[in-house]
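This report refers to the structure that appears directly beneath it.
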Amino acid sequence: MDQAFLDNSLWRNIYCVLAGDSAQCASREYSSGLLPGGMEWLAFLIAAAAIIGLFVNGVLGGVIVLIWGERRLFGRFQSRTGPNRWGPFGMLTSVADAIKTMFKEDLVPAEADRILFNLAPVLIAAPALLVFSVIPFGIGTYVADLNIGVLFIMAVTSLTTLSVLTAAWSSANRIAILSALRSIALLISYEIPMALALVGIIMLAGSMSLGDIIAAQNVPFIIVQPLAFFVFFLAAMAEMARAPFDLTEAESELAAGYLNDYASMKFGIFFLAEFMAEISTSAIVTTLFLSGWRGFDPIPSHFWFGAKLIAVLFVIIWFRMTLPRLRVDQVLKFAWKGLFELTLINIVVTAILIAIWPQPTTSQLWMMAAINWPIAIISIWGVSKLLGTSSYDKPQPDADNPEYPVGSEEIPAASVYKAESTSQAQASNEGGD
Amino acid sequence: MAIKTQPVTVNLGPQHPSTHGVFRMRVMFDGEEIVDVEPIFGYLHRGSEKLAEERTYTQIVTLTDRMDYVSSMLNNQAYILAVEKLAGIEPSPRGVWLRMIASELQRIASHLVATGFLLQDLGALGTPLIYAMRERENILDLFEMICGARITNSYLRPGGVFMDAPEEFWPALERGLDDIVSTIDELEEYLSGNEIVFSRTKGTAVLSPELLINASITGPMLRASGVDWDLRHRAPYDYYGRITFERKLHTASDNYARYWVRVQEARESVKIIRQCIEQIEPGPVRPSFDDVPRLLRPPAGDAYAAIEGSKGELGFYLVSDGGISPYRMHVRASSLINLTLLRDMLIGGQFGDLFVTFGSVDLNMGEVDR
Amino acid sequence: MIGLGLRRGFVVTFKNFLRPAVTEQYPDRHVGLVGAAKEAGMNPFQFLVKKPGDSLKAIAGLATVPVAVEQSPRFRGNEFTFFEDRCTACASCAKYCPLGIIEIVSVPGKIDAQEGESYKLEVFDIDIGRCMFCGLCVEACPYDALHMGSQFERSKYVRDELIITKEELFDAEKRPSSWYRPQFEENTFDPFKETIVDHHDAGRHERPSDEDLKKKWVDER
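If you're matching them up, the sequences are chains A, B and C in order. Its first residue numbered 674, the first sequence is counted upward by one per residue in the numbering used here. Its first residue numbered 14, the second sequence is counted upward by one per residue in the numbering used here. Its first residue numbered 816, the third sequence is counted upward by one per residue in the numbering used here.
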């Protein structure tokens, strides 16, 4: 049996109760299993199914709660109440919405490619769920602790774009295709800074396993690697197409983008996947930068994880409520000219620091942080300067001029228009009466 | 190998979340760049001008409410000025002051809506829009206090206003003005350093002043290009000659300049209202029915009166044949005329800027189609 | 350029996050324990002890309190108020209506010893479904018989039910709006608390005493 399974306390407990005292359960004493001998394979399957069921339903329940919470928070940010009619504090609103979505008519456009059209929701939901398989929610609470966990996350999250393209292409809608093209542009641009931002963390932790990364965070990596956090957070926002990078769905431009032709539960699955991506991104940020489930002892690790997750979610929602959307070219420019450079700086600096302290202790981590913060601030400032100076497309008459000159009394093109009443009106205004 | 590209024609509207009503555009894209735009409107046509030909002069006031439904008071004012000019009515002073206060309040409300929706089109997901609408709500409460309705006011009558403002209106107005200033401060605080808004709006959809003048465009759009053209100052109507105010001009003539001019004008309107409160005098709010009968029969002739509306010069042209209803009414709808340059503004721009530019024109489809 | 200026926006939204909501809940408001106790007229501890069921409900966020929307007395609502006794069936309102939605049919009526000859109002229908509440009919009424109402809840499932008949107007609760009725503002009549029972109170003049009436209508003839 793989060590990865054995570390998983949930799986091991179920398996050992079912299969009894076998080689895998040496650490615990069970007189006999519920299943007869030789049925270990069944115990294995049942334990695996139980865990999958638990995680999938847990995530879906979390999405329902998140939708409610996000709408309540939107309300608070916008000086209103948010959903409050159905159930205590409006908690059942999402449930009602889910039921309504399920009972809507399932429309497929006449010109759509039916197979791909129906496949797209599956394609988007599967990777969104897969990400959760490597995230440790607490001590011993995870599906699998892969030794390439970070790589797995990077690979799986980029699959979302494939399904967006499938959805857009199959629905034979021009607006949807525009949206899908934007989505691909975002993926290509932001995958690189996102991956490079994680290089610094991998160097510090010396492993790609999320468990090891958490173990290495005696000081949370948000303090040690501020630049990596900055880049990763923004790139993750772009990756899941949240404001200010919500170009894919750009409500005021593309209506709903690639979702234009989807109705009923197919739309519902896209919607769920979007919120799952939000939760998974927050979970990844929590794990990689906020030391995951680690905290003080009397409070259980799951609580720590949840609290940090909610804090990250709050920041994401706050971003969404505050920032207007960027234009496509600006978003791409931001990735290639801004974030990419920042990640390179981060990698170089981290590499030098690792060369000085190969196995950093807690105090050495603090010293790294002390070096990294000024570098982060200076480089962000410098890159911002670099980004801000170049102008796009049309000349800007007075973009950098804070004083707005008041135009002269003269009509600029006297030959175009003769203003007869100029002098008379002038007199009446100056007179004041 | 060069990649072969082909422009794509996309139909936006009439049911689109950002077209400010029922407006349709046939847009040709090359990638994200706009190659061609064809605006199509008329989905909200209600034949107001024709309907006016079979209504009495007082009844038409209710029609004007529904033209530009975010600035009904200004519509009322423009129409009433035309009627007064046509019938030779001398308005009563208190009524004129009251309608000036009402129309300046309406101008603030309209500019708040324009700013809020511009930010909504920028993708700020409703937050600044709701802050702006929250303040507009206070203004609508003031309208409810003086005339019993919030949107379709029908407050003005030939010769003045319908009814004097109640006692509790004046303290509420003072409070409301302070609130308005603080809300504008808040909006500006939100925007003043917002680089995303800057990078989205500055330098986009630039129009030259010559083009604007040739296209007969007025209002904040023209003033954003540095042309000092404000009817309240150039051809003062009502008692604007007794009021001093600053004309806020910007020279950039881009989307940001249009937003900036609107916000500054809202501030100036607050100052104008404060001056009106100082100068208002007691007396009747409308002439007696002996002077201005309920059923007006203006002498045969025509009259054109224009005001500085929230979106530009708003004019009413009335022709009378001596009967109880006008022979012809024509509205110089500033929204419609401001729309004419949409193509020049959009071509060559980015798809992302399409609706921002559209929002910066501050259209009202009710006024465009009438 | 990108970065530091955005901070102000975050501060503005966070300030608003901490502010109470400005929207009103209608037709009822969800309240917590304190609000529910206040509605019941006791302090929260009393409420907890005396009504444990209700207080549990309040803690769970399920207790509601009816809300009256704040309105101006001049609000032009759609529950028209009509005093048949004041109406002379002159049809001014019908003539003034821009949409022509008021239907009046009158026949020469009785001859009253006190008030003289009068018209009898047979039909007085207002088609609310097409009404735009401009208030011109109220402005036109020379005898203050027709008033705008203060209420606004008049949604119906059937279009025909939107036509208000004379009988319906007669039976309705009289809560006239003070739109174009300065006398209500002078008397500080509050349409949201009081109703008008006697049609004499709705006029713009003082009600003449019985003696004056007798003098005018009986003695002088």
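Even for Gly, the Cβ is constructed at its ideal location relative to N, Cα and C. Bear in mind that the values here come from a model prediction, so they are computed numbers and not experimental data.
Opposing strand residues paired with Asp940 of chain C [DSSP bridges]:
The partner list for Asp940 of chain C (beta bridge, DSSP) reads C:Glu918.
Pick from A:Leu789, A:Pro800, A:Trp759, A:Phe750: whose alpha carbon is nearest that of Val729 of chain A? When each option's Cα is compared against that of Val729 of chain A, the closest is A:Pro800.
(message) Closest to Val1107 of chain A by C-alpha separation, out of A:Met775, A:Thr1023, A:Arg758, A:Arg993, would be which residue?
(response) Nothing can be reported for residue 1107 of chain A: it is not among the residues displayed for chain A, which extend from 674 to 1106.
> For Pro913 of chain C and chain B, any beta-carbon pair shorter than 7 Å?
Replying inline: It does; some Cβ of chain B falls within 7 Å.
What's the call for Lys939 of chain A, buried or exposed, on a 16-neighbour Cβ count within 10 Å? So Lys939 of chain A ends up on the buried side.
Margin query: I need the DSSP call for Lys910 of chain C, collapsed to helix, strand or coil.
Written below: Lys910 of chain C falls in the helix class under three-state DSSP.
Mind checking if Ile143 of chain B is an interface residue toward chain F, Cβ cutoff 7 Å exclusive?
Reference to chain F is not applicable here, since the protein chains of this structure are A, B and C.
Next item on the list: Consult DSSP for Ala987 of chain C and reduce its assignment to one of helix, strand or coil.
Entry: Note: Ala987 of chain C maps to coil in three-state DSSP.
Alpha-carbon to alpha-carbon, Ala851 of chain C and Ala793 of chain A: Going by the C-alpha atoms only, they are around 49 Å apart.
_Own chain partners of Val920 of chain C with C-beta closer than 7 Å, once the 5 adjacent residues on each side are dropped_ = For Val920 of chain C, where only same-chain residues beyond five positions count, the Cβ hits under 7 Å are Glu937, Val938.
Item to complete: Tell me, please, whether the CB atom of Leu224 of chain B is closer than 7 Å to any CB atom in chain A?
Response: Answer no: the Cβ-Cβ gap between Leu224 of chain B and chain A never drops below 7 Å.
For the stretch 301 to 310 of chain B against the stretch 235 to 250 of chain B, do three or more pairs of beta-carbon atoms, one drawn from each stretch, fall closer than 8 Å, so that the two count as touching? Fewer than three pairs of CB atoms, one per stretch, sit closer than 8 Å, so the stretch 301 to 310 of chain B makes no contact with the stretch 235 to 250 of chain B.
Quick one, which residues of the stretch 861 to 882 of chain C are near chain A if we go by CB-CB under 7 Å, in chain order? Within the stretch 861 to 882 of chain C, the qualifying residues are Ala875, Gly876, Leu877.
Check your understanding: Which residues bound the beta strand (DSSP E) around Asn893 of chain C?
Key -> Counting along the chain, the unbroken beta strand (DSSP E) around Asn893 of chain C starts and ends at 892 to 897.
In the structure shown, what three-state DSSP assignment does Met41 of chain B receive? Three-state DSSP puts Met41 of chain B in a strand.
### Query
Given that Val781 of chain A touches chain B, what residues does it touch there, using C-beta distances under 9 Å?
Those within 9 Å of Val781 of chain A in chain B number zero; the least Cβ separation is about 20 Å.
key: Bridge-paired residues (DSSP) for Lys935 of chain C   = Per DSSP, C:Val922.
Nearest chain C C-beta to Met994 of chain A closer than 7 Å, yes or no? Yes - at least one Cβ of chain C is within 7 Å of the one on Met994 of chain A.
Next on the checklist: Which residues does DSSP list as the beta-bridge partners of Val880 of chain C?
Outcome noted: Note: Val880 of chain C sits in a beta bridge opposite C:Arg844.
| task | Determine the chain B residues that contact Phe890 of chain C at a beta-carbon separation under 7 Å, and present them in chain order. | result | Chain B residues near Phe890 of chain C: Glu157, Gly161.
*Might you give, ordered along the chain, the residues of its own chain that have their beta carbon closer than 6 Å to the beta carbon of Arg37 of chain B, omitting 5 neighbours on each side?*
Hits under 6 Å: Gly26, Pro27, Ile53.
| task | Taking C-beta pairs closer than 7 Å, name the residues in chain A that Ile209 of chain B reaches, listed in chain order. | result | The contacting residues are Pro917, Leu996, Pro997, Leu999.
For this session: Would you check if there are 3 or more beta carbon pairs closer than 8 Å linking the stretch 984 to 1001 of chain A to the stretch 906 to 917 of chain A?
Result: Yes, the stretch 984 to 1001 of chain A touches the stretch 906 to 917 of chain A.
- Query: So is Arg112 of chain B in contact with chain A if we call contact Cβ pairs under 7 Å?
  - Reply: Closer than 7 Å: no.
Please list the partners that Leu833 of chain C has in chain B, where partner means a Cβ-to-Cβ separation under 8 Å.
Within chain B, no residue comes near Leu833 of chain C; the closest Cβ sits about 14 Å away, beyond 8 Å.
Exercise for review: Confirm, please, whether the CB-CB distance from Phe967 of chain C to Gly856 of chain C is below 7 Å.
Suggested key: With a cutoff of 7 Å on beta-carbon distance, Gly856 of chain C and Phe967 of chain C are scored as not near each other.
### Task
Confirm, please, whether the CB-CB distance from Arg112 of chain B to Val174 of chain B is below 7 Å.
If you check the CB distance, Val174 of chain B and Arg112 of chain B come in under 7 Å.
task: Return no unless some Cβ of chain B is closer than 7 Å to the Cβ of Gln1037 of chain A.
output: It does not: the Cβ of Gln1037 of chain A has no partner Cβ on chain B nearer than 7 Å.
Q) In chain C, which residues lie with their C-beta within 7 Å of the C-beta of Thr754 of chain A? A) Near Thr754 of chain A (Cβ distances below 7 Å), the residues of chain C are Ala836, Thr838, Gln840.
Chain A partners of Leu132 of chain B, CB-CB under 8 Å? Within 8 Å Cβ-Cβ: Pro997.
Requested in this report: Pull up the CB-CB distance for Ile874 of chain A and Ile887 of chain A, whole angstroms please, since I reckon it's below 8 Å.
Outcome: In fact, because the Cβ distance is near 11 Å, the residues do not count as touching under 8 Å.
**Message:** Quick check: Arg331 of chain B and Ala91 of chain B, are their CB atoms within less than 7 Å of each other?
**Reply:** It should be pointed out that residue 331 of chain B corresponds to Leu in this sequence rather than to Arg. Taking 7 Å as the Cβ cut-off, Leu331 of chain B and Ala91 of chain B do not qualify as a contacting pair.
CB of Arg299 of chain B within 7 Å of CB of Ser167 of chain B, strictly:
Against a cut-off of 7 Å, the Cβ pair of Ser167 of chain B and Arg299 of chain B comes out as no contact.
Rounded C-alpha distance that separates Thr830 of chain A from Ile725 of chain A: So the two alpha carbons sit approximately 19 Å from each other.
**Report entry** Residue nearest to Leu848 of chain C in terms of C-alpha spacing, selected from C:Asn831, C:Lys872, C:Asp1025
**Finding:** Nearest in C-alpha terms to Leu848 of chain C, of all of C:Asn831, C:Lys872, C:Asp1025, is C:Lys872.
- Query: In chain B, what lies closer than 9 Å to Cys905 of chain C by C-beta?
  - Reply: Within chain B, no C-beta atom comes nearer than 9 Å to that of Cys905 of chain C; the closest sits roughly 13 Å away.
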